[in-house]
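In the working numbering, the protein residues as written are 17 to 341. We treat Cβ as the ideally placed atom computed from N, Cα and C, and that holds for glycine. Remember, it's a predicted structure, so these values are computed and weren't measured experimentally. Okay, so here's the structure we're looking at.
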């Protein structure tokens, strides 16, 4: 399988105020009137697109070969809660048309596409806390299939009182403090990136997703092991070549992850890092945030394995390498 070039990436984690000063005036205005998940998405995407050299003239024609693939565990959860609260308190006259327009989980991706005139594929998907890694995998497949030249891909989830209450009551038990974050990367078809002399951060080599029907079972792990093995095969990477692996399992599912790595990697023992110990559980942003961490920590040209494991049973694995120095 062909390698997909990573030309830029940007992340924001646990920010009180979403930074918008680096955005063009029109994009700032759009972000300022948007829901928080959209503001986070616009802020990170604007920085990533600028670093990749893909910010277009607002007066230019839309870019039919550049698009967006966004993963999110909760999407419009907070918007739906705000809309419902207003409706419950004041009846139909109090319902907000502006909020209603954002009560779909692809609202953030749509606003991003409009703001930057990205007329290529526009995809929003969810797979629990593994959503961001699944988005990177889907973007890789679209680029390999020739459906786009470049894609902004990654994940985002916003936190607020309704969601933190739901999590505290046992919804999607993640075992770590929930945290808000967005992490987006620019993935490009290699020829397109070379032709415009784009910067190179690294490359996606392979990926796979899986499912664990009973993740809390003491023998679970086959789904993740299968995903790791498939990603290694697609990337043509041997377990012993891995420079590091990024752990992602909730503490309660650490055994599942350990069994899966033992089954898929055999005697290979790459260095293990766990960004979630620093950032907390960032849900949709977790996988892309882990990839950015791995690219920064691994030696140039060395393959890294990024995992994602969600209490919902969704699991994923992605192989990448940082740019050679």
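Three-state secondary structure (DSSP) of residue i
i	result
residue 147	helix
residue 101	helix
residue 178	helix
residue 159	helix
residue 274	helix
residue 216	coil
residue 287	strand
residue 261	strand
residue 40	coil
residue 33	coil
residue 297	strand
residue 76	coil
residue 194	strand
Residue i: first and last residue of the uninterrupted beta strand (DSSP E) it sits in
i	result
residue 204	197-204
residue 337	330-338
residue 321	319-325
residue 167	166-173
residue 23	20-29
residue 136	Per DSSP, residue 136 belongs to no beta strand (DSSP E) and is neither H nor E.
Where the alpha helix (DSSP H) through residue i begins and ends
i	result
residue 239	238-251
residue 128	123-132
residue 113	113-117
residue 87	First-last for residue 87: 82-87, but that is the beta strand (DSSP E), not the alpha helix (DSSP H).
residue 62	52-68
Neighbourhood of residue i by C-beta distance below 7 Å, restricted to the same chain and skipping five residues each side
i	result
residue 62	38, 39, 43
residue 164	81, 82, 83, 136, 137, 158
residue 124	53, 54, 57, 86, 172
residue 313	260, 289
residue 219	19, 20, 21, 22, 336, 337
Residues of its chain near residue i, where Cβ-Cβ distance is below 6 Å and the 5 sequence neighbours each way are ignored
i	result
residue 192	292, 296, 297
residue 147	87, 88, 89, 171, 300
residue 264	323, 324, 325
residue 153	223
residue 51	95, 118
residue 258	286, 319, 321
residue 91	121
residue 275	237
8 Å Cβ shell around residue i - same chain, five flanking residues per side excluded
i	result
residue 212	69
residue 103	110, 111
residue 216	21, 22, 23, 209, 339
Per the contact definition of three or more C-beta pairs closer than 8 Å, is the region 151-171 in contact with the region 226-241? no
Using 8 Å as the Cβ pair cut-off and three pairs as the minimum, do the region 31-43 and the region 241-254 touch? no
Segment contact flag, the region 310-320 with the region 333-341, C-beta cutoff 8 Å, min 3 pairs: yes
With a threshold of 8 Å, are at least 3 pairs of Cβ atoms found where one atom belongs to the region 193-200 and the other to the region 21-40? yes
Count the CB pairs spanning the region 177-192 and the region 202-215 that are closer than 8 Å, and state whether there are at least three. no
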